[in-house]
Every structure is written in C-alpha cells, then in structure tokens.
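Here this note's numbering is used: position 88 in the sequence shown is 88, and no number is missing along the way.
One structure is given below, encoded as structure tokens.
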Amino acid sequence: METCDMNQIIADIVSTMQYQIQSIDAAIHVHELPSCFGDREQVNQVFSNLVSNAIKYLDPDRKGSITISGHRDGKQSVFHVADNGIGIPDTQIDQIFEIFHRLNPQKSPGEGLGLSIVTRILERMNGSVHVTSEPGSGSTFVVRLPSGNQQSASENNDTKLKVKQLRA
Numbered sequence: 001m002e003t004c005d006m007n008q009i010i011a012d013i014v015s016t017m018q019y020q021i022q023s024i025d026a027a028i029h030v031h032e033l034p035s036c037f038g039d040r041e042q043v044n045q046v047f048s049n050l051v052s053n054a055i056k057y058l059d060p061d062r063k064g065s066i067t068i069s070g071h072r073d074g075k076q077s078v079f080h081v082a083d084n085g086i087g088i089p090d091t092q093i094d095q096i097f098e099i100f101h102r103l104n105p106q107k108s109p110g111e112g113l114g115l116s117i118v119t120r121i122l123e124r125m126n127g128s129v130h131v132t133s134e135p136g137s138g139s140t141f142v143v144r145l146p147s148g149n150q151q152s153a154s155e156n157n158d159t160k161l162k163v164k165q166l167r168a
C-alpha cells in the first residue's frame, strides 16, 4: 500500500487506451485528481476496467464523452468516471456488480467479471464503488478510496516518538 498519484495512473490508462478512444472518436476529459492510498497495480486495474467499460458502452449514435474527476471528502478521495453512454436500467443497477452479469451479452464482449473484481479490489483497500445511471444518458461510477495522506503504522509511531522526544 502506498500513496498513488492518480493523475499519473489515469494518464497511463488513457495513453494505453488511446487507439480505442480514437477509433470510436470519443473524447476523454480528465480533471486534476487527488492522490489516494492503495495498491498501485490494483488501483490501476480498477480504473482501467471503469474506463474500458465506459468506452465499451458508449452510445454509437452520438459522440462519446468520458469525464474523470475527483475530490477529497474528509479522509477519502472520491473519483467519478462519467460517460454519456447507453446507461443502465434501474432493474440492472444492483446486478452489474455480480459475477458473470453482463449488461448486453449479445452486443458486447466480456465475461461479466470486471465490475465484480472492481468491487472486491476496492473492499480490500477499504474503498467502495457505486453507480448512478439513466438509460439513454449515461452512467457515473463513484469510487471512494482512503486519501493519499495516510501514514503507515510504523511511520505514525516514529512521528509520535519524535514528538515525545521533543517535549522531553
């Protein structure tokens, strides 16, 4: 676990997916993002999945747009991955996080594992994910992770020890 530079992680993901983004003529807007505290590789996997899904479920009848933004909320960093895609019907909102569930199995590739993996990864890092969506308008996935200003237990103990030494 470490402090993760989300601006760099998202830049790497967008760079990796640039061919897909250009081939469908979509636009990705990335705002300044706060850092978070987690496993860098797993954080990358979470956001790679969310951006990939946003690309996969864009509405082919309009120019695709994906916006990634974030802010601090107390001791948490909150990230939004919003798209103007096909959206998710209310009847499927809770199901999309279940293993093997796919929104449009006939129209899109995949095994239905991505969002269930995202959920498990975030739970292990004391984070969470939820979605708001409107069919025909798009979806916004909201990810919460501990903020990037965390100290490990040993660093925290070292800091307390130094404070005690200064007071003596």
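A virtual CB, placed ideally from N, CA and C, is assigned to each residue, including glycine.
Because the structure is a prediction, the values reported are computed rather than measured.
Under DSSP, His130 takes part in a beta bridge, and its partners are Val142. One Cα belongs to Glu134, the other to Asp90, and the distance between them is close to 8 Å. Using a Cβ distance threshold of 8 Å, Val81 and Val43 do not count as a contacting pair.
With contact defined as three or more Cβ pairs closer than 8 Å, the region 57–64 and the region 116–124 are not in contact. In terms of Cα proximity to Asp12, the closest of Val142, Ser23 and Ser48 is Ser48.
Taking all protein chains in view, the Cβ of Gly70 is crowded by 16 or more other Cβ atoms within 10 Å, so the residue is classified as buried.
Between Glu41 and the set Thr3, Gly138 and Ser23, the nearest pair of CA atoms involves Thr3. Annotation for Arg144: Gln76, Val78, Gly127 and Ser128 place their beta carbon closer than 6 Å to its own, counting only its chain and skipping 5 residues before and after. In this structure, Ile68 is the residue among Ile68, Gly85, Ser137 and Leu115 with its C-alpha nearest to the C-alpha of Glu32. Secondary-structure assignment with DSSP links Gln76 through a beta bridge to Asp73 and Pro146.
Sorting Asn53, Ser65, Pro146 and Val14 by C-alpha distance to the C-alpha of Ile88 places Asn53 at the top.
Contact between Ile66 and Asp83 is confirmed by a C-beta separation of about 5 Å, below the 8 Å threshold. The three-state reading of DSSP puts Ala26 in coil, since its state is none of H, G, I, E or B. DSSP places Gly85 outside any alpha helix (DSSP H), giving it a letter other than H or E.
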